[in-house]
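Trainee: The structure's right below; bear with me while I get my questions together.
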Amino acid sequence: MPELAALGRLSYTFGEYEQLLQSLLADGFSFIPFKGSVDDDEIVLRHDVDLSPARALEMAKIEAAMDIQATYCVLVTTPVYNLLEVTNASILHEIQALGHDVALHFNTHHYWSTQPSDDELCTQVRAECDVLGTVLNRHVDLVSFHRPPEWVLGVDFDGFENAYQPAYFSAITYRSDSSHKWRRQPPFPDGRPDRLQLLTHPGLWGETPRPMDEIVAGVGEERQNHVRTYLEGLES
1127 MPELAALGRL SYTFGEYEQL LQSLLADGFS FIPFKGSVDD DEIVLRHDVD LSPARALEMA
1187 KIEAAMDIQA TYCVLVTTPV YNLLEVTNAS ILHEIQALGH DVALHFNTHH YWSTQPSDDE
1247 LCTQVRAECD VLGTVLNRHV DLVSFHRPPE WVLGVDFDGF ENAYQPAYFS AITYRSDSSH
1307 KWRRQPPFPD GRPDRLQLLT HPGLWGETPR PMDEIVAGVG EERQNHVRTY LEGLES
């Protein structure tokens, strides 16, 4: 089938993202939630929200218009955004209302420089799942890992579902848009996979192409403006 084979390098615009999804649908794929296994012609679509809940919402709207379900993994420990802020909490509820799942994006590097015991890991993961669950008003047990260390890849953990466990990672094809790599090579240089986990980072995408340094500067400026507005409110 020609659709995926015809995909070239991407400039990370929302329009190109929609075309990517259309190509996957045209090639006969179905989009499914994380459910324990991925069968032939199925995709689990995951988004790690490192930078921008607002851009995640834009992608969620594109997918919902195409009747596609995705999973959005959000950070609890990050200086970039605060899940408890009303705006961000509202975004997460809107993403859920569009038919998507919201899960935890866990940063092991926030807690440890070396591998912890499984008990230590599960304790911290469950604590963050509880925080996110409070925001979402539901139980959370799916976890992706931020800048995943080797010791979480291809591993089943007790107590939570790992987006990198074998059924979603080593047993199927895994593709990620990390570091704008699809600007240098097509997403599917080897042609159509049988089963797939597809990962994107919404903060890397936008209405127009942007280099990484511009994206990072924009996120920093947005956060500075947010803090400045808060501090000005204290003076009034």
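Residues in the sequence shown are numbered from 1127 upward in steps of one, following our numbering. Every residue gets a Cβ at the ideal spot worked out from N, C-alpha and C, and that includes glycine.
#1: Just reading off the alpha helix (DSSP H) that residue 1190 is part of, what are its end residues?
#2: Excluding the 5 residues flanking residue 1304 on each side, which residues of the same chain have their C-beta closer than 8 Å to its C-beta?
#3: So, is residue 1214 buried or exposed, given that buried needs 16 or more other C-beta atoms within 10 angstroms?
#4: When the Cα atoms are used, what is the spatial distance from residue 1339 to residue 1176?
#5: What residue does the alpha helix (DSSP H) around residue 1145 start on, and which one ends it?
#6: On the DSSP bridge assignment, give the partners of residue 1301 in chain order.
#7: When DSSP builds the beta bridges, which residues end up paired with residue 1169?
#8: Of the residues 1205, 1192, 1187, which one's Cα is nearest the Cα of residue 1198?
#9: Would you identify the three-state DSSP class for residue 1356, choosing helix, strand or coil?
#10: Looking only at its own chain, which residues have a Cβ that is under 6 Å from the Cβ of residue 1285, when we skip the five neighbours before and after it?
#11: When you compare the CB positions of residue 1169 and residue 1150, do they come within less than 9 Å of one another, or not?
#12: So residue 1232 and residue 1271 are supposed to be a Cβ contact under 8 Å. How far apart are they, rounded?
#13: Run through the stretch 1189-1233 for me and flag every whole beta strand (DSSP E) of 3 or more residues, listed as ranges in chain order.
#14: Could you name the residues of the same chain whose beta carbon sits closer than 7 Å to that of residue 1294, not counting the 5 residues immediately before and after it, in chain order?
#15: State the beta-bridge partners of residue 1332 as determined by DSSP.
#16: Determine the DSSP secondary structure at residue 1444, reduced to helix, strand or coil.
#17: Among 1254, 1221, 1219, 1220, which residue has its Cα nearest to the Cα of residue 1236?
Mentor: The relevant details are as follows:
#1: 1179-1191
#2: 1325, 1327
#3: buried
#4: 15 Å
#5: 1140-1152
#6: 1324
#7: 1157, 1322
#8: 1187
#9: helix
#10: 1248
#11: yes
#12: 6 Å
#13: 1197-1201, 1227-1232
#14: 1160, 1164, 1170, 1323
#15: 1139
#16: Any question about residue 1444 goes unanswered here, given that the chain covers just 1127 to 1362.
#17: 1254
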